[in-house]
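Asker: In our numbering, the protein residues as written are 1205 to 1554.
Provided herewith is a single structure, encoded as structure tokens, for subsequent inquiry.
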Ligand code: PHE
């Protein structure tokens, strides 16, 4: 073999062994195999050789050229693998079998009871609806049979925006939109309206242990033919027994709300004494929990539903109050206080 080929091959191997990164490898490729590379140069120099010599020399240079190409490809593969390995080694290592970080965070007690209520109502065929916190005067009052200057507005003073909209003072503010959303399915296909809509509510209140300017309610409505107070009692009793995980007795007392007729206050048997009478229930055996009633004909009408044909019930469950009862929270302000120490101690599965 021609000496030039032998020494170039040795030189190439020596150069290649020093390469440590992809960029330098590309440099080698250009300097040996590029247009002006040394192997290419050997081929160019062949023109001065005899035909015999050309054949043997040409073959040897081509072998070198192929070898060099393969060696560069191998080296490239090797360098890439090394780079991946380097990247893997530089990543922080962790043990996948380790338990997750211990301060995992927890659900707010109101979220917990909200989810429990949602699960129970879902299982009974209710849709869970979301509704905005900023609503119109029509949605919050007019559509609920509370005209301007009606005294019932006094109890629900809230925060008004400059454009006349307001922060909803009760979840009933979504009733009108819910009736309009589902009335066609009710009227045309006979699908009963069954919806619950939890939400944050606001009132212009002076705060104390029992009052907050921001609290949560969960409204529920059911509209169909022949809906009566018995349906209301059944659904409330079932839901509350599930949430408190024991059989709960309920009773209705008359209560006034312009958007229901008749209207009630629903009481539950005292959770602490079971109805015997104790200081928590002021020795009555009952706790006031949830205003409710049969939806007023005017309210159905405003939602596009004929009250001659359909009836329904509505309730406004105080989620904040329910969470306080279920978890024994004595001061309502603790729930909005943001102290993780007090809020993170509740779980779903007690
Ligand atoms: N929206 C009423 C309130 O917050 C509660 C209520 C809801 C009463 C539904 C009757 C029916 O005071």
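Cβ coordinates follow ideal geometry from the N, Cα and C atoms, glycine included.
Source: prediction; values computed, not measured.
Starting from residue 1399, trace the beta strand (DSSP E) in both directions and tell me its first and last residue.
Answerer: To locate residue 1399, count along the chain shown from 1; it is residue 195. Where residue 1399 is concerned, the enclosing beta strand (DSSP E) stretches over 1397–1406.
Asker: Among 1412, 1308, 1322, whose alpha-carbon lies nearest the alpha-carbon of residue 1540?
Answerer: Taking the first residue of the chain shown as 1, we reach residue 1540 at position 336. Of 1412, 1308, 1322, the residue nearest in Cα terms is 1412.
Asker: Specify the secondary structure class of residue 1225 as computed by DSSP and reduced to three states.
Answerer: Working through the chain shown from its first residue, we reach residue 1225 at position 21. In this structure, residue 1225 counts as coil in the three-state DSSP scheme.
Asker: Would you mind reading off the limits of the alpha helix (DSSP H) that contains residue 1542?
Answerer: Looking up residue 1542 in the chain shown gives position 338. First-last for residue 1542: undefined, no H or E at that position.
Asker: Helix, strand or coil: which one does DSSP assign to residue 1344?
Answerer: Your numbering for residue 1344 matches position 140 in the chain shown. In the structure shown, residue 1344 sits in a helix (DSSP, three-state: H, G or I).
Asker: Nearest CA to the CA of residue 1270: which residue from 1243, 1211, 1532?
Answerer: Translated into positions along the chain shown, residue 1270 becomes position 66. For residue 1270, the nearest C-alpha among the options comes from 1243.
Asker: For residue 1206 and residue 1296, I'd like the C-alpha separation in whole angstroms.
Answerer: Taking the first residue of the chain shown as position 1, residue 1206 is located at position 2. Taking the first residue of the chain shown as position 1, residue 1296 is located at position 92. Cα to Cα, the separation comes out at about 54 Å.
Asker: For residue 1246, which residues does DSSP report across the bridge?
Answerer: For the purposes of this step, residue 1246 is taken as residue 42 along the chain shown, with counting starting at 1. Looking at the DSSP assignment, residue 1246 forms no beta bridge with any residue, so it has no partner.
Asker: According to DSSP, simplified to helix, strand and coil, what is residue 1554?
Answerer: Taking the chain shown and counting its residues from 1, one reaches residue 1554 at position 350. Unreliable placement is indicated for residue 1554, whose pLDDT of 47 sits below 50; the coordinate value is still reported in the next sentence. Coil.
Asker: Starting from residue 1422 and walking both ways along the alpha helix (DSSP H), at which residues does that stretch end?
Answerer: Mapped onto the chain shown, residue 1422 falls at position 218. Segment 1418–1428 is the beta strand (DSSP E) holding residue 1422; no alpha helix (DSSP H) there.
Asker: So what does DSSP say about residue 1504, is it helix, strand or coil?
Answerer: Sequence index remark: in the chain shown, residue 1504 carries index 300 (1-based). DSSP places residue 1504 in helix when its eight states are reduced to three.
Asker: Does residue 1554 pass the burial test, meaning 16 or more other C-beta atoms within 10 Å, or should it be called exposed?
Answerer: Here the question's residue 1554 lines up with position 350 in the chain shown. Here the model assigns residue 1554 a pLDDT of 47, short of 50, so the residue's position is not dependable and the matter cannot be decided.
Asker: Please tell me whether residue 1502 has its Cβ less than 7 Å away from any Cβ of chain C.
Answerer: Of the protein chains in the structure, only one exists, and it is not chain C.
Asker: Indicate whether residue 1536 and residue 1414 have their beta-carbon atoms separated by less than 7 Å.
Answerer: Against the chain shown, residue 1536 aligns to sequence position 332. Against the chain shown, residue 1414 aligns to sequence position 210. Closer than 7 Å, so yes.
Asker: Looking only at its own chain, which residues have a Cβ that is under 7 Å from the Cβ of residue 1480, when we skip the five neighbours before and after it?
Answerer: What you label residue 1480 is simply residue 276 of the chain shown in a count that begins at 1. Contacts found: 1489.
Asker: Suppose contacts are defined by Cβ-Cβ distances below 7 Å. Is residue 1508 in contact with residue 1384 by that definition?
Answerer: The residue given as residue 1508 occupies position 304 in the chain shown. The residue given as residue 1384 occupies position 180 in the chain shown. In contact: residue 1508 and residue 1384 (Cβ atoms closer than 7 Å).
Asker: Output yes or no for whether 7 Å exceeds the beta carbon distance between residue 1398 and residue 1426.
Answerer: Walking along the chain shown from the start, residue 1398 turns up at place 194. Walking along the chain shown from the start, residue 1426 turns up at place 222. Contact flag set, yes.
Asker: Note the first and the last residue of the continuous alpha helix (DSSP H) segment covering residue 1471.
Answerer: Within the chain shown, the letter at position 267 stands for residue 1471. No alpha helix (DSSP H) contains residue 1471, which is instead part of the beta strand (DSSP E) from 1464–1473.
Asker: Are there three or more Cβ pairs, one per stretch, closer than 8 Å when the stretch 1493–1502 is compared with the stretch 1461–1473?
Answerer: Enough Cβ pairs lie closer than 8 Å, so yes.
Asker: Is DSSP giving residue 1287 helix, strand or coil here?
Answerer: Within the chain shown, numbered from 1, the residue matching residue 1287 stands at position 83. Three-state result, residue 1287: helix.
Asker: Check whether the stretch 1307–1317 and the stretch 1339–1353 are in contact - that is, three or more C-beta pairs closer than 8 Å.
Answerer: Counting Cβ pairs under 8 Å, fewer than three are found: no touch.
Asker: To the nearest angstrom, report how far apart residue 1452 and residue 1340 are at their CA atoms.
Answerer: Counted from its first residue, the chain shown places residue 1452 at position 248. Counted from its first residue, the chain shown places residue 1340 at position 136. Answer to the nearest angstrom: the Cα atoms are 37 Å apart.
Asker: Can we count residue 1445 as close to ligand 1, meaning its CB is less than 6 Å from some heavy atom?
Answerer: Residue numbering aside, residue 1445 sits at position 241 when the chain shown is read from its first letter. Result no, Cβ not under 6 Å from ligand 1.
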